[in-house]
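Residue numbers (the numbering used here): 279 to 347.
Yeah, the Cβ is synthetic: ideal placement off N, Cα and C, and Gly gets one too.
These figures come from a predicted structure and were not determined experimentally.
Worksheet: the structure to be examined is printed underneath.
What follows is the structure in structure tokens.
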């Protein structure tokens with residue numbers, strides 16, 4: 279299978295490239311730029327991690343708006 283670039287993965291996830299790079303760095307994947315190539319294993323791990331992150335974001339309730347007096 280061909281290598282996937284970080285910016286392509288960001289487009290698939292629908293989030294900014296910087297956010298994908300931060301996610302990958304937390305997973306100890308060395309990325310330097312949005313055009314860094316990822317192996318199939320790294321892409322699979324990133325997809326699993328993103329699904330978990332996405333679920334956590336949806337479960338976290340939005341902060342209530344401040345009350346006006």
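Beta bridge counterpart(s) of residue i as assigned by DSSP
i, result
"residue 283", "315"
Same chain, Cβ closer than 8 Å to residue i, five either side skipped, listed in chain order
i, result
"residue 283", "312, 313, 314, 315 and 316"
"residue 300", "none"
Residue i versus the options, residue with shortest Cα-Cα distance
i, options, result
"residue 323", "286, 307, 345 and 290", "307"
"residue 320", "345, 335, 293 and 303", "303"
Nonlocal neighbours in the same chain, by C-beta distance under 7 Å from residue i, ignoring five residues either side
i, result
"residue 295", "284, 285, 288 and 312"
"residue 327", "301 and 305"
"residue 298", "284, 287, 288 and 291"
Other residues of its chain near residue i: CB distance less than 6 Å, five sequence neighbours each side excluded
i, result
"residue 281", "315"
Heavy atom of the ligand MG within 7 Å of residue i beta-carbon
i, result
"residue 291", "In the structure on display, the ligand MG does not appear, and there are no ligands present to speak of."
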